[in-house]
Amino acid sequence: MKKSARVLTEADVAIFRALRLEGLANNPEAFGASLAREQDRDDEHFREILRDDMVVGGFIDDKLVGMAGLRGNHHPKLAHKCHLWGVYVTEEHRGTGIAEIIVDAVIARAQAHYEIIHARVVSTNGRARRFFDRIGFKLYGVERRAIKVGPNYFDEEMRAKFLVV
Ligand SMILES: CC(C)(COP(=O)(O)OP(=O)(O)OC[C@H]1O[C@@H](n2cnc3c(N)ncnc32)[C@H](O)[C@@H]1OP(=O)(O)O)[C@@H](O)C(=O)NCCC(=O)NCCS
2 MKKSARVLTE
12 ADVAIFRALR
22 LEGLANNPEA
32 FGASLAREQD
42 RDDEHFREIL
52 RDDMVVGGFI
62 DDKLVGMAGL
72 RGNHHPKLAH
82 KCHLWGVYVT
92 EEHRGTGIAE
102 IIVDAVIARA
112 QAHYEIIHAR
122 VVSTNGRARR
132 FFDRIGFKLY
142 GVERRAIKVG
152 PNYFDEEMRA
162 KFLVV
């Protein structure tokens with residue numbers, strides 16, 4: 002089993018779109034974005050994401066099985082911070098270590114530009130919380146009722162990893 006991670010480019014738009022929509026369909030409770038909105042978007046929308054943000058894809062035997070996005074901040078006073086979003090690994094490849102390979106690749110690239118990486122994790126998502134604990138994203142607050150799906154609210158943990166102490 003060959004595992005690797007690399008930054009996705011516009012040429013990867015088809016596999017990126019498919020994986021992102023799979024994640025929103027399979028784990029809607031894990032993400033702020035919704036399948037209903039994203040599935041109607043054309044390829045240009047997904048190319049724009051790949052241009053504006055950095056998206057790292059995780060590959061097992063050359064097949065895209067996971068991803069994570071990083072969004073920077075253009076405001077000068079906030080430009081030392083970035084946000085990790087859309088961390089997802091297909092169900093059959095969870096527990097293989099590919100999630101950590103992906104996020105490590107994001108962190109390695111973030112280190113050149115940012116001092117702090119923020120992430121948000123839905124409070125009921127035990128597996129993701131364990132994962133973020135392990136890779137050093139520390140809890141600093143909880144936003145109550147951060148996400149509303151129909152009548153149901155979900156709290157979100159706010160976490161940060163300091164790249165420069
Ligand atoms: C979050 C995610 C990327 C982590 O990848 P992964 O391959 O599952 O991560 P790992 O197996 O390396 O680590 C997960 C941790 O949860 C533990 N775990 C495994 N199954 C679990 C379960 N059912 N419930 C709770 N914890 C579980 C693992 O033992 C591990 O803990 P450890 O580090 O203490 O050993 C992946 O689970 C995923 O894509 N989930 C769906 C989408 C999602 O929730 N994304 C996060 C958005 S913030």
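Take 2 as the starting number for the sequence shown in our numbering and just add one per residue.
In this text, a Cβ means the ideal position worked out from N, Cα and C, and glycines have one as well.
Just so it is clear, the structure is predicted and the values come from calculations on it, not from any experiment.
Nearest to residue i (by Cα), restricted to the options the options
i, options, result
"residue 154", "144, 9 and 95", "144"
"residue 70", "19, 3 and 120", "120"
"residue 159", "86, 94, 105 and 152", "86"
"residue 150", "43, 68 and 32", "32"
"residue 77", "59, 115, 11 and 30", "115"
"residue 19", "40, 2, 6 and 5", "40"
"residue 46", "161, 11 and 152", "11"
"residue 156", "137, 93, 130 and 165", "130"
"residue 1", "84, 66 and 44", "This structure cannot settle anything about residue 1, because the visible part of the chain is limited to 2 through 166."
"residue 138", "148, 51 and 104", "104"
"residue 135", "98, 5 and 22", "98"
"residue 1", "53, 38 and 108", "Here the chain comprises residues numbered 2 to 166, so residue 1 is not present and cannot be evaluated."
"residue 110", "61, 56 and 124", "56"
"residue 91", "28, 14, 161 and 13", "28"
"residue 37", "74, 23 and 61", "23"
"residue 61", "124, 95 and 146", "95"
"residue 14", "4, 125, 42 and 74", "42"
"residue 75", "21, 88, 54 and 93", "54"
"residue 106", "88, 34, 146 and 122", "88"
"residue 81", "49, 35 and 118", "118"
Environment of residue i [buried if 16+ CB atoms lie within 10 Å]
i, result
"residue 17", "buried"
"residue 26", "exposed"
"residue 163", "exposed"
"residue 9", "buried"
"residue 79", "exposed"
"residue 2", "exposed"
"residue 141", "exposed"
"residue 127", "exposed"
"residue 58", "buried"
"residue 165", "exposed"
"residue 63", "exposed"
"residue 113", "exposed"
"residue 52", "exposed"
"residue 21", "buried"
Residue i, enclosing beta strand (DSSP E) - first and last residue
i, result
"residue 136", "Premise fails: residue 136 is in no beta strand (DSSP E) and is neither H nor E."
"residue 157", "153-163"
"residue 4", "4-8"
Endpoints, the alpha helix (DSSP H) within which residue i is located
i, result
"residue 119", "Where residue 119 is concerned, there is no enclosing alpha helix (DSSP H), although the beta strand (DSSP E) it sits in stretches over 117-123."
"residue 105", "99-111"
"residue 24", "14-27"
Length at least 3, wholly inside the segment 27-104: the beta strand (DSSP E) runs in chain order: Counting only runs of 3 or more, we get 55-61, 64-72 and 82-90.
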